[in-house]
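Worksheet for the structure shown next.
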Amino acid sequence: MAGGEMWTQLGSSLAGLMFVWAMFKQYCPYEMEGHLKKYTQKLVSLVYPYIEVTFHEFTSEGFYERSKAYGAIQRYLTTNSTTRAKRLKADMVRDSKSLVLSMDDREEIADEFKGIKVWWASNKNIPRTQVISFYGDEEKRYYKLKFHWRDREIVFGSYLNHVMDEGKAIEVKSRKRKLYTNNRNEQWAGRYQRTMWSKLRKLLIDTSNKSIIVIEDIDCSLDLTGQRKKKEEKDEEGDGKDPVSERIIVFTTNYVEKLDPALIRRGRMDKHIELSYCCFEAFKVLARNYLDLESHDLFETIGKLLEETNISPADVAENLMPKSDDEDAVDTCLANLIKAIEKAKEEAKVKVEEEEKEKEKERAKAEEEKKAKAEKEEKEKAEKEEKDKEKEQKSDEEVKEKKTAGEEVKENGG
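Heads up: the sequence shown runs through residues -22 to -1, 1 to 392, numbered per mature numbering (1 follows the signal peptide of the UniProt record, and there is no 0).
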């Protein structure tokens, strides 16, 4: 009975305390509330001996960029959480045959380093209102590190550096080239088009500093070579401004003349590099790399052909790759290269002949147009002279008629 009364009194006390706290929150001045929070935190810090450090997923400085620290911590915890965490989330990474396990949201694991113990927690903040953002998901994810205050020097001095170094080493070990294609197929219809653009945006956001982004064959993209769409008067097109540094963007093309001049002007493209065709010296380097070959009887023939023919180093390297481990693989590769160069030479010759024929047609067409224009001008000149002559004759007749009429009036008057 006494126990029931005690719980009843405790419940009443808690209810009264909650009521007083609600009234205090509603009517207490903001300045006083700030001071109370300040002193409350100091009081809690006296009995709570732990320090907490938060690492957010995205930085808020300038461009919406993924935090390097968050990425390194994520990779470090992914390799250490599978045996310690009770709740994991699984994901299938592209080009991977196995699932990748990592800490689930609101999960905590412990880690030990040089005799100290720390705790890592994975959390996220979900916005109360629905926000439409260029960057997709608006959930704010972060990791929280908790440790005892007496371990502060070890954590800040060496543990965090250890986590960053381990995360970077894991990144280098598992690095993959990320590929994105703008191939126009059924994936670009309806909602799939929005999905592909979202993936591209995420890929660009995830690209860290000191990265190289390669966009191949931009001359094949109608959006870059066709007529630019007319914009509204207030719609301004920004220059090639990179809000983050240490990124190199490389565009490749075989037909510079097809590109929109606005794309390749200064300020958009910092440097234009025209790659040369393969010369004999470059061929010898490729032969050394692919065939471990310093000299051969066919080198002289290949050298003469390279002086007469334009062929790219990539085409040469393709023919120097051994298809088998046979003893005559070297001779086969060099023979295939000679055939490829001779074929390229014939194709170039045919192309030159076709271009000459096309030029001859254009020249003949220009001559015909010039001749037709001259005939037209001659005809217009003759017609003009005829009209001027008729006009002059008509004017003479009018003068003659006036003169005759004047003489008749004079005779009648006389």
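Glycine included, each C-beta is placed from N, C-alpha and C at the ideal position.
Reduced DSSP secondary structure (H/G/I, E/B, other) of residue i
i: G40; result: Per-residue confidence for G40 stands at a pLDDT of 46, beneath the threshold of 50, marking its modelled position as unreliable; the derived number appears in the next sentence. Coil at G40, not helix or strand.
i: residue 395; result: Here the chain comprises residues numbered -22 to 392, so residue 395 is not present and cannot be evaluated.
i: R119; result: strand
i: R206; result: Interpretation of R206 is limited by its pLDDT of 49, a score under 50 that renders its predicted location unreliable; the figure taken from the coordinates is listed afterwards. In the structure shown, R206 sits in coil (DSSP, three-state: anything other than H, G, I, E or B).
i: G216; result: Its pLDDT being 38, under 50, G216 is placed unreliably by the model, and the measurement read from it follows with that caveat. It is coil, neither helix nor strand.
i: T382; result: helix
i: N101; result: strand
i: T185; result: coil
i: V377; result: helix
i: A63; result: coil
i: D89; result: strand
i: D129; result: helix
i: K124; result: strand
i: D309; result: helix
i: D69; result: strand
i: K301; result: coil
8 angstroms Cβ cutoff met for residue i and residue j
i: C256; j: P291; result: yes
i: I316; j: L284; result: no
i: residue 413; j: A63; result: Outside the shown range of the chain, which is -22 to 392, sits residue 413, and nothing can be said about it.
i: N288; j: A326; result: yes
i: H250; j: Y120; result: no
i: L237; j: I196; result: yes
i: N139; j: D89; result: no
i: R225; j: T185; result: yes
i: E286; j: K335; result: no
i: V234; j: I227; result: no
i: T56; j: V78; result: yes
i: W127; j: Y17; result: no
Candidates the options: closest to residue i by CA position
i: I51; options: G145, V150, D374 and T287; result: G145
i: M142; options: E259, A47, I227 and D82; result: A47
i: V96; options: M70, Y121 and F125; result: F125
i: L182; options: V31, L(-6) and R44; result: R44
i: F277; options: M247, L253, G49 and C311; result: C311
i: S152; options: T230, Y54 and E224; result: Y54
i: Y269; options: E368, K343 and V308; result: Correcting the residue type first, residue 269 is Leu in the shown sequence and not Tyr. Per the Cα distances, V308.
i: E86; options: D303, E364 and R65; result: R65
Integer-rounded CB distance, given that residue j should sit under 8 angstroms from residue i
i: A240; j: L264; result: Between L264 and A240 the Cβ distance is about 37 angstroms, and since that is not below 8 angstroms, they are no contact.
i: N103; j: R84; result: That belief does not hold up - the Cβ atoms of N103 and R84 are roughly 11 angstroms apart, past 8 angstroms.
i: T32; j: K122; result: 5 angstroms
i: I280; j: F229; result: About 32 angstroms; that fails the 8 angstroms criterion.
Residue range of the alpha helix (DSSP H) that includes residue i
i: T56; result: K46 to S59
i: F277; result: F277 to E286
i: K151; result: L138 to K151
i: D293; result: P291 to L298
N-terminal and C-terminal residue of the beta strand (DSSP E) that residue i is part of
i: I226; result: R225 to F229
i: I196; result: Neither: I196 is in no beta strand (DSSP E) and is coded neither H nor E.
i: I242; result: Taken as a continuous stretch (DSSP letters only), I242 belongs to no beta strand (DSSP E), being part of the alpha helix (DSSP H) at P239 to I242.
i: E252; result: Here E252 belongs to no beta strand (DSSP E), and DSSP marks it neither H nor E.
i: V31; result: Y28 to H34
i: V78; result: L77 to M81
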